[in-house]
Structure formats: structure tokens, C-alpha cells
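Novice: Protein chains in written order, with the UniProt record's numbering: chain A, 1 to 156; chain B, 1 to 156.
Note that CB positions come from ideal geometry on N, CA and C, so glycine has one too.
Let me give you the structure first, and then I'll get to my questions.
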DNA sequence: GGAAGTAGTTACCCATAAGTGCGTAGGTAT
DNA sequence: ATACCTACGCACTTATGGGTAACTACTTCC
């Protein structure tokens with residue numbers, strides 16, 4: 001056949017689209033922030049261990065205690081990637097047992113502020129979203145009318 | 001042994017922490033937005049197909065063309081979950097071939113505005129981040145001094 | 001002398017998100 | 001007559017992020 005199938009056209013399109021997405025700063029930021037522990041580290045360093053108060057530096061083990069449940073591997077990995085992007089700074093002091101402190105940079109602080117915008121949206125609209133969700137699920141339950149074609153029911 | 005190991009304490013802590021994270025509106029919002037196609041659908045519906053201009057409703061197939069490379073499955077899935085949360089509305093019209101249009105609701109529009117804040121941050125700071133990243137990688141390359149202990153090198 | 005705390009690293013496993021392929025119902029175009 | 005359009009749904013496979021366990025090296029406490 002002369003024209004490619006829809007699937008083939010999509011595959012080609014995705015090749016360049018993936019390149020575009022990889023270069024897109026918005027997508028990069030989302031990828032950075034959507035890690036499980038990233039926002040938690042950000043708010044621990046940005047608002048103190050109790051999520052209120054002022055930014056202050058914290059030690060590795062202190063972060064590990066505050067973010068209960070994080071494994072040393074994920075904590076390291078998260079801190080390393082944030083340091084790589086210049087969002088936090090790492091300071092090692094050669095005390096008796098070596099101590100390492102992490103602190104938000106100005107860049108990290110500004111990101112923290114931006115992420116708090118998201119937090120604010122989610123807090124003000126969470127009831128609305130929950131209501132819509134409940135209504136949608138209830139409607140689907142009562143009225144199990146499918147959208148497209150395709151009711152296999154029984155495929156022998 | 002009387003006291004649990006560090007790993008056991010972490011496992012306990014994560015049990016309640018996961019519950020907290022699941023209930024945390026900020027984490028829910030991040031999970032919602034961090035889907036690969038979510039922000040793309042949002043900005044297509046919120047700023048027109050060329051990512052400039054005004055919000056306007058679009059058809060399923062039009063979205064499929066604009067978001068080149070999306071499979072029908074993922075497009076459906078994304079649209080369905082956004083509809084469930086009341087961020088977009090779905091309207092089916094019984095024309096000759098049935099046409100379905102999707103449109104941002106007020107809620108979806110306000111989320112779109114918030115997400116654009118993130119976009120703005122990423123655009124204004126992308127050079128800074130890239131510079132930090134390059135500097136960090138260069139430093140690691142020149143000075144391959146490891147952080148903690150553990151250089152296995154050869155484990156016989 | 002063994003445990004625990006300091007700050008990590010490495011190898012491996014698994015659950016989930018994303019992608020692939022195929023099906024559908026009714027109508028229209030070739 | 002057959003292929004394709006509309007808008008999807010389902011089953012299967014793959015890639016990746018997150019989690020587990022075990023290790024390092026050094027010191028202090030019991």
C-alpha cells in the first residue's frame with residue numbers, strides 16, 4: 001500500500017514529538033518535580049521539618065528521619081539530582097563522623113515558591129475535584145452505557 | 001533483638017507515610033498532572049492547537065492530530081481521567097459519524113493557568129538549570145571522587 | 001567485641017505507566 | 001463489495017521508577 005497505516009504514521013510522528021518533549025522545558029520541569037520524594041525534600045528544606053516556618057539547612061540523616069519511609073538510596077538519588085540542577089547545595093564538614101548538610105539555593109527557593117502555587121490550587125479545589133469524581137463514578141455505575149463500539153461480552 | 005532494624009522501622013514508617021501521601025492534595029495534583037499527555041491536552045484545549053490563542057473546544061480526532069504521536073488508547077485514557085475530575089467536559093453529537101468534542105471547564109481552565117506558572121518558571125530558569133547541570137557533570141568527570149564509602153572494584 | 005550512627009553505593013526485583021495490536025457498530029465513498 | 005471513517009475498549013508486552021538488601025569505612029558507646 002502507498003500510504004502508511006495510522007499506526008506507522010503515529011510511530012514516525014512520535015519520533016520527532018519525543019525529541020520535542022525531551023527538549024521542552026515544561027516537560028523537563030514536570031519530570032524533575034514529579035519524582036516521589038522531590039517535592040517532599042523541597043518543602044522540608046524550604047519550610048522546615050514541620051512544613052511551617054523558614055528555610056533552613058538540614059543534614060542527610062535529619063532529612064531521612066523527617067521524610068519517614070524514604071530509603072537511603074532514594075534520598076541520595078533525589079538529593080544528587082537536585083544538586084545537579086543547582087536547586088540545593090551540598091556541604092560536607094570533616095567532623096569526627098563526617099556531617100553533610102543540604103540547603104536550598106536561591107534557584108531552589110524560587111522553585112519551592114512555584115510548587116507552593118500548585119499546592120495552593122490543589123488545596124482550594126480538592127473538594128470540587130472530589131465531588132466531580134464521585135458524580136462521574138456514580139453515573140458510570142448506574143448507567144453502564146459504553147462510549148464507543150466494542151462490547152465483546154463473550155469471545156468464543 | 002529488642003529494637004527493630006533501620007529497614008524495619010522504615011517499612012513501618014512508610015505504611016503510614018504512604019497513606020498520608022495518598023491523601024495529600026498536592027501529591028494527588030502532581031500525580032494527575034505528571035501523566036505524559038495530560039499537560040499537552042490541557043494546553044491544546046486551553047491555548048488552541050498552536051499553543052497560542054484562546055481556549056476552544058476540540059474534537060477527539062483533532063486532538064489526535066495536534067498531539068502527534070499519541071495513541072488512541074492514551075488519548076482516551078487521558079481525556080477520560082480529566083473528565084472524571086471535572087477538568088474537561090465531553091459532548092457527543094449524533095451526527096452522521098458521531099462527533100465528540102472536548103472542552104475545558106472553568107476548573108480545568110484555572111488548572112491550566114496554574115500549570116502555565118510552572119511553564120513560565122521552567123522557561124525563565126532553564127538556562128540556569130542547564131548551566132548548573134553542565135558544571136556538575138564536568139566536575140564529576142574531572143574529579144571522580146566518590147561520596148560515601150563502598151568502592152567494590154572487585155568483589156571476589 | 002558487637003551494635004549503632006555517620007553518608008552513602010551497588011545489584012537486583014517488581015509494580016505500574018506507556019505503547020502495540022486488534023476488535024466494534026454503523027454509515028459512506030470507491 | 002470492501003475498505004475506511006467516527007470514537008473508542010480490551011489483552012498483551014515493554015520500559016522505567018521505586019523499593020529491598022547488602023556492603024563500605026570509620027568511630028564511639030556499652
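Can you give me the C-alpha to C-alpha distance between residue 92 (chain B) and residue 103 (chain B), rounded to a whole angstrom?
Specialist: Sequence index remark: in the second chain, residue 92 (chain B) carries index 92 (1-based). Sequence index remark: in the second chain, residue 103 (chain B) carries index 103 (1-based). Near 12 Å, if we compare the C-alpha coordinates of residue 103 (chain B) and residue 92 (chain B).
Novice: Quick check on DSSP: helix, strand or coil for residue 89 (chain A)?
Specialist: The count along the first chain starts at 1 and reaches residue 89 (chain A) at position 89. Correct three-state label for residue 89 (chain A): strand.
Novice: Helix, strand or coil: how does DSSP classify residue 114 (chain B) here?
Specialist: For the purposes of this step, residue 114 (chain B) is taken as residue 114 along the second chain, with counting starting at 1. In the structure shown, residue 114 (chain B) sits in a helix (DSSP, three-state: H, G or I).
Novice: Can you tell me which of the three DSSP states residue 151 (chain A) falls into?
Specialist: Your numbering for residue 151 (chain A) matches position 151 in the first chain. Here residue 151 (chain A) scores only 43 on pLDDT, less than 50, and its place in the model should not be relied on; the value that follows carries that caveat. Residue 151 (chain A) falls in the coil class under three-state DSSP.
Novice: Between the beta-carbon of residue 67 (chain A) and the beta-carbon of residue 31 (chain A), is there less than 8 Å?
Specialist: Translated into the one-based positions of the first chain, residue 67 (chain A) becomes position 67. Translated into the one-based positions of the first chain, residue 31 (chain A) becomes position 31. Contact: no.
Novice: If you reduce the DSSP assignment to three classes, tell me which class residue 56 (chain B) lands in.
Specialist: Residue 56 (chain B) sits at position 56 when you count from the first residue of the second chain. Residue 56 (chain B): coil per DSSP, three-state reduction.
Novice: At a CB-CB cut-off below 7 Å, which residues of chain A make contact with residue 119 (chain B)?
Specialist: In the second chain, counting from the first residue as 1, residue 119 (chain B) sits at position 119. Near residue 119 (chain B) (Cβ distances below 7 Å), the residues of chain A are 26.
Novice: Could you tell me which residues DSSP puts in a beta bridge with residue 124 (chain A)?
Specialist: Taking the first residue of the first chain as 1, we reach residue 124 (chain A) at position 124. According to DSSP, which records beta bridges pairwise, residue 124 (chain A) is partnered with nothing at all.
Novice: Per DSSP, which one or two residues make a beta bridge with residue 102 (chain A)?
Specialist: One-based indexing of the first chain puts residue 102 (chain A) at position 102. In DSSP, residue 102 (chain A) forms a bridge with A:58, A:90.
Novice: Hey, residue 101 (chain B) and residue 35 (chain B): beta-carbon distance below 8 Å or not?
Specialist: In the second chain, counting from the first residue as 1, residue 101 (chain B) sits at position 101. In the second chain, counting from the first residue as 1, residue 35 (chain B) sits at position 35. Their beta carbons are not under 8 Å apart, which means residue 101 (chain B) does not touch residue 35 (chain B) by this criterion.
Novice: Pick from A:71, A:54, A:53: whose alpha carbon is nearest that of residue 61 (chain A)?
Specialist: Along the first chain, one-based indexing puts residue 61 (chain A) at 61. Here the closest residue by C-alpha is A:71.
Novice: When you compare the CB positions of residue 42 (chain A) and residue 118 (chain A), do they come within less than 8 Å of one another, or not?
Specialist: Walking along the first chain from the start, residue 42 (chain A) turns up at place 42. Walking along the first chain from the start, residue 118 (chain A) turns up at place 118. Their beta carbons are not under 8 Å apart, which means residue 42 (chain A) does not touch residue 118 (chain A) by this criterion.
Novice: Compile a chain-ordered list of the residues in the stretch 52-71 of chain B whose CB is closer than 7 Å to at least one CB of chain A.
Specialist: Here the close residues are 68, 69, 71.
Novice: Quick one: Cα of residue 24 (chain B) to Cα of residue 90 (chain A), how far?
Specialist: Here residue 24 (chain B) refers to the residue found at position 24 of the second chain. Here residue 90 (chain A) refers to the residue found at position 90 of the first chain. Going by the C-alpha atoms only, they are around 28 Å apart.
Novice: Can you list, in chain order, the residues of its chain whose CB lies under 7 Å from that of residue 86 (chain B), leaving out five sequence neighbours each side?
Specialist: For the purposes of this step, residue 86 (chain B) is taken as residue 86 along the second chain, with counting starting at 1. Within the same chain, residue 86 (chain B) has close Cβ partners 105, 107.
Novice: Does any residue of chain A have a CB that is nearer than 8 Å to the CB of residue 112 (chain B)?
Specialist: Against the second chain, residue 112 (chain B) aligns to sequence position 112. It does not: the Cβ of residue 112 (chain B) has no partner Cβ on chain A nearer than 8 Å.
Novice: Check each residue of the stretch 73-89 of chain B: if its Cβ is closer than 9 Å to any Cβ of chain A, include it; give the result in chain order.
Specialist: Listed in sequence order: 76, 80, 83, 84, 85, 86, 87.
Novice: Is it buried or exposed, residue 96 (chain B), if we count other Cβ atoms within 10 angstroms and call 16 or more buried?
Specialist: As a position in the second chain, residue 96 (chain B) is number 96, starting the count at 1. Exposed, since its Cβ has fewer than 16 Cβ neighbours within 10 Å.
Novice: Can you pull the chain B neighbours of residue 122 (chain A), defined as C-beta to C-beta under 7 Å?
Specialist: As a working mapping, residue 122 (chain A) is identified with position 122 in the first chain. In chain order: 25, 26, 28, 29.
Novice: Say whether chain A places a C-beta atom closer than 8 Å to the C-beta of residue 129 (chain B).
Specialist: As a working mapping, residue 129 (chain B) is identified with position 129 in the second chain. Residue 129 (chain B) counts as touching chain A.
Novice: What residue from A:142, A:29, A:137, A:57 has the CA that sits closest to residue 124 (chain B)'s CA?
Specialist: Numbered from 1 along the second chain, position 124 holds the residue referred to as residue 124 (chain B). Checking every option, the nearest Cα to that of residue 124 (chain B) belongs to A:29.
Novice: In three-state terms, what does DSSP make of residue 49 (chain A)?
Specialist: Position 49 of the first chain, counting from 1, holds the residue named residue 49 (chain A). If DSSP states are grouped into helix, strand and coil, residue 49 (chain A) belongs with coil.
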